[in-house]
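Protein chains: 2
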Amino acid sequence: MEIKSAARKLLVEGGAPAIGLRAVARELNLSAPALYRYFASHDDLVSALVADLYDELTAFLIELRDTGADLGEQLFLIAGGLRDWALAHPAEFGLMFGSPVPDPEAVEHELTPSHQAAMRFGAVFKDLVAQVYWQRPFPSPPDAELGPELVAQLEQKSEFFDGMPAGAIYLSLTYWTRLYGLICMEVFGQLHWALEDAGAYFDAQLREIGQALGLDCPPG
Amino acid sequence: MEIKSAARKLLVEGGAPAIGLRAVARELNLSAPALYRYFASHDDLVSALVADLYDELTAFLIELRDTGADLGEQLFLIAGGLRDWALAHPAEFGLMFGSPVPDPEAVEHELTPSHQAAMRFGAVFKDLVAQVYWQRPFPSPPDAELGPELVAQLEQKSEFFDGMPAGAIYLSLTYWTRLYGLICMEVFGQLHWALEDAGAYFDAQLREIGQALGLDCPPG
DNA sequence: GCCTACAGTGAACACTGTTAACCGTTAACA
DNA sequence: TGTTAACGGTTAACAGTGTTCACTGTAGGC
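Protein sequence lines, in the order shown, are assigned to chains H and A.
All residue numbers for the first sequence refer to full-length UniProt numbering, where the first residue is 1 and numbers rise by one.
All residue numbers for the second sequence refer to full-length UniProt numbering, where the first residue is 1 and numbers rise by one.
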C-alpha cells in the first residue's frame, strides 16, 4: 500500500503531527477525500501504519533472533535489536509506543489490527523468555517474597506464560518492564540530562537483567 | 492564574487535545484572541501549565517526604507518592511525561519554565538518593563491572551527584529509570495485558530497588 | 446498451491556532 | 486638564485541519 508508505515518509520527516490527510494525499497527487476510499478515518490510517510498523519490527527481531547460537544469546540479541531499531527509527517508535493515556476501557479487549500486531510483537519476547526458562529454569524469588496478592495475579497468567511459576513470570515481567522503560526513556530524551550516550548504560543494565535470568554474561 | 486552571479542568476532562484556545476562552467567558494577552501561543499556555503541574507534584512529594522517619523511608515514600500522584492524575501525568520525541537539540540547554520545573522535580529524588548514600554508602558495582566508557560518563556527573563515585551514581540512575519506567508503563496502560492491578508488582519492584540501595525492607 | 462498483473530484462544514484592526477603560504625566 | 500610553478585550479574517456530500468518469459483467 503506497498510501501508508507516503504517510510513513511524512512521519519520519516531520513527526506524527505531519501525517495529515491533505499532506498524504498531496504526496500521491491525490485529493484528500480520495483517501476515504481506503481508510475510514485519519485515525484508521495511522493505526494501520502502526500495525505495519509493529510487523516490520517483529520481523526484524525474529530475523535477528535466529542468528543467535543459543537461547540466551537470542534474548540479548532481541533486546539490543529493539533498542537499535528504536534509535534508528525514533519517529516510528514514538508513534507506536509513545501514545499515552488510552482512555480507560477504550475498546474492552482491543482487537484492532495495531493492537494485534503489538501482541505478536510482545509474543517474540514472551516466547523466548519462556523457552529460556524451560530449557534452564532460572532461580526465581519465592512466593513469600512477592506476597500473596502478586503471586495470585501472576499465577493467573501462568497458562499465558507456558506454565511458568509465579516467581519466573515475575522475573520475565521484570525483564520486559526494565527493557521497555529503558528504551523509551532513551529514545524520548528522558536520559539526556544524565548520559549523552546511553549505550554503555543500556549494556550494563542488560547484563544485570540477564544475570537475573541465569544467563551467561554478555556476548562479545 | 485562572486561565491555567481552566486549561487544567479541560485537560482532566478530555485529555491533552481538549486544551484548545477557544475551549479555554469559553470556560472563562472570553474570546480566543484574548488569551494572547497572557500567553504568546497555545504551546506557551500548555507549557506554563506543565510547569505548574511539576511544581505541584514537587511540593506534594516534598511534603510527603518530610513525614518519613529516616532517609530510607523517605525514599520509599516519594517513590510511592509519585506513583500515587500519577494514578490519581493520569491526564496531567500524561501531559508532563508522555510527550515523546522532542526533536533533537530542541533548544540546546532548555531553560523553558517547564524544563526548569522538571529539573526541580528530579532534584527531589537526586538529592535524597545522595543523602542516603552519604549517610550509609550502599555497596555499588565495581568500575570493572560497568566498563570504562560508562564509568567515564558517570564520573562526569559526579559533581552533580554530590561527589558520589561512579558505581553509586549508576545505582542511583538505576533506581530512577526503573521507578520512572514502571510508573509510565502502568499509567499509560502498557501493563494491563499482564496485571490488572500493578500495585503489588510495583511494591515488589520497589523492594528490589531499595535492597540494591542498602535500605531495610519495606515500611509497613 | 444497461447497470453496478470503483476511484476520484471540488465544494462545503465545523473546527483549529493565529493575526490584524479596532474599541473602551485606566493610569501617568506635562 | 488634556494628552498619551498601556491594558484587556472585541470582531473579522486567514490558513490549516478532519470529514461529508454530491457529483463524475471509467471499467467490467450480463
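We put the beta carbon where it would ideally sit given N, CA and C, even for glycine.
In this text the structure is predicted, and so the values were computed from the model without any measurement.
(request) Tell me where the alpha helix (DSSP H) around threonine 67/A begins and ends. (result) Counting from one through the second sequence, the residue named residue 67/A turns up at place 67. Taken as a continuous stretch (DSSP letters only), threonine 67/A belongs to no alpha helix (DSSP H), as it is neither H nor E.
(request) Return the first residue and the last residue of the alpha helix (DSSP H) that aspartate 216/H is part of. (result) As a working note, residue 216/H is residue 216 in the first sequence. Element bounds for aspartate 216/H: n/a, residue is neither H nor E.
(request) Let me know the secondary structure DSSP gives glutamine 190/A once reduced to three states. (result) Residue 190/A sits at position 190 when you count from the first residue of the second sequence. Reduced to three states, the DSSP call for glutamine 190/A is coil.
(request) Starting from aspartate 216/A, find everything on chain H with Cβ-Cβ shorter than 7 angstroms and list it in chain order. (result) Locating residue 216/A in the second sequence gives position 216, counting from the first residue. Those within 7 angstroms of aspartate 216/A in chain H number zero; the least Cβ separation is about 15 angstroms.
(message) Could you compute how far the alpha carbon of alanine 80/A sits from the alpha carbon of phenylalanine 125/A?
(response) Looking up residue 80/A in the second sequence gives position 80. Looking up residue 125/A in the second sequence gives position 125. Sequence check: residue 80/A is glycine here, not alanine. One C-alpha to the other measures close to 12 angstroms.
(message) Within 10 Å of its beta-carbon, does glutamine 74/A have 16 or more other beta-carbons around it, so buried, or fewer, so exposed?
(response) In the second sequence, residue 74/A corresponds to position 74, counting from 1. With 16 or more other Cβ atoms within 10 Å, it is buried.
(request) Label glycine 163/H either buried or exposed according to how many other C-beta atoms from any shown protein chain fall within 10 Å of its C-beta, with 16 as the threshold for buried. (result) Numbered from 1 along the first sequence, position 163 holds the residue referred to as residue 163/H. Burial state of glycine 163/H is exposed, judged by a 10 Å Cβ sphere holding fewer than 16 other Cβ atoms.
(message) Would residue 237/H and alanine 23/H be called neighbours here (beta carbons separated by less than 7 angstroms)?
(response) What is shown of chain H runs 1 to 220, which leaves residue 237/H out entirely.
(request) Would you kindly work out how many angstroms separate the C-alpha atoms of histidine 115/A and tyrosine 54/A, rounded to a whole number? (result) Locating residue 115/A in the second sequence gives position 115, counting from the first residue. Locating residue 54/A in the second sequence gives position 54, counting from the first residue. Computed Cα separation, rounded: 9 angstroms.
(message) Can you confirm whether leucine 75/H, when its beta carbon is compared against all beta carbons of chain A, has any partner nearer than 7 angstroms?
(response) The sequence position of residue 75/H within the first sequence is 75, counting from 1. Chain A, which has no Cβ nearer than 7 angstroms to the Cβ of leucine 75/H, makes this no.
(message) For arginine 136/A and glycine 214/A, I'd like the C-alpha separation in whole angstroms.
(response) In the second sequence, residue 136/A corresponds to position 136, counting from 1. In the second sequence, residue 214/A corresponds to position 214, counting from 1. Rounded to the nearest angstrom, the two C-alpha atoms are 8 angstroms apart.
(message) Against chain H, with Cβ distances strictly below 7 angstroms, would alanine 117/A count as a contact?
(response) Indexing the second sequence from 1 puts residue 117/A at position 117. No, because no Cβ of chain H sits closer than 7 angstroms to the Cβ of alanine 117/A.
(request) Under 7 angstroms Cβ to Cβ from isoleucine 3/A, same chain only, skipping five residues before and after it: list those, please. (result) In the second sequence, the residue the question calls residue 3/A occupies position 3. Within the same chain, isoleucine 3/A has close Cβ partners Val24, Leu28, Leu35, Tyr38.
(request) Let me know if glutamate 159/H comes out buried or exposed under the rule of 16 or more other beta-carbons within 10 Å of its beta-carbon. (result) As a position in the first sequence, residue 159/H is number 159, starting the count at 1. Counting Cβ neighbours within 10 Å, glutamate 159/H comes out exposed, since fewer than 16 surround it.
(message) Rounding to the nearest angstrom, what Cα-Cα distance links threonine 174/A and valine 46/H in this structure?
(response) Working through the second sequence from its first residue, we reach residue 174/A at position 174. Working through the first sequence from its first residue, we reach residue 46/H at position 46. In this structure, the alpha-carbon of threonine 174/A lies about 34 angstroms from that of valine 46/H.
(request) Give every residue of the same chain whose Cβ lies closer than 7 angstroms to the Cβ of leucine 87/H, excluding the five residues on either side of it in the sequence, and list them in chain order. (result) Against the first sequence, residue 87/H aligns to sequence position 87. For leucine 87/H, where only same-chain residues beyond five positions count, the Cβ hits under 7 angstroms are Val187.
(request) Anything in the segment 182-194 of chain A with a Cβ closer than 8 angstroms to a Cβ of chain H? List those residues in chain order, please. (result) Leu182, Cys184, Met185, Val187, Phe188, Gly189, Gln190, Leu191, Trp193, Ala194
(message) I need the DSSP call for proline 148/H, collapsed to helix, strand or coil.
(response) Here residue 148/H is taken as the residue at index 148 of the first sequence, counted from 1. Collapsing the DSSP output to three states places proline 148/H in a helix.
(message) If we require 4 or more residues per run, which alpha helix (DSSP H) segments fall completely within the segment 12-66 of chain A?
(response) For the segment 12-66 of chain A, whole alpha helix (DSSP H) runs of length 4 or above, ordered along the chain, are 21-27, 42-65.
(message) Please classify glycine 220/A as buried or exposed, where buried requires at least 16 other C-beta atoms within 10 Å of its C-beta.
(response) Here residue 220/A refers to the residue found at position 220 of the second sequence. The predicted model places glycine 220/A with a pLDDT of 43, which falls under 50 and marks its position as unreliable; any figure quoted below should be read in that light. Exposed, since its Cβ has fewer than 16 Cβ neighbours within 10 Å.
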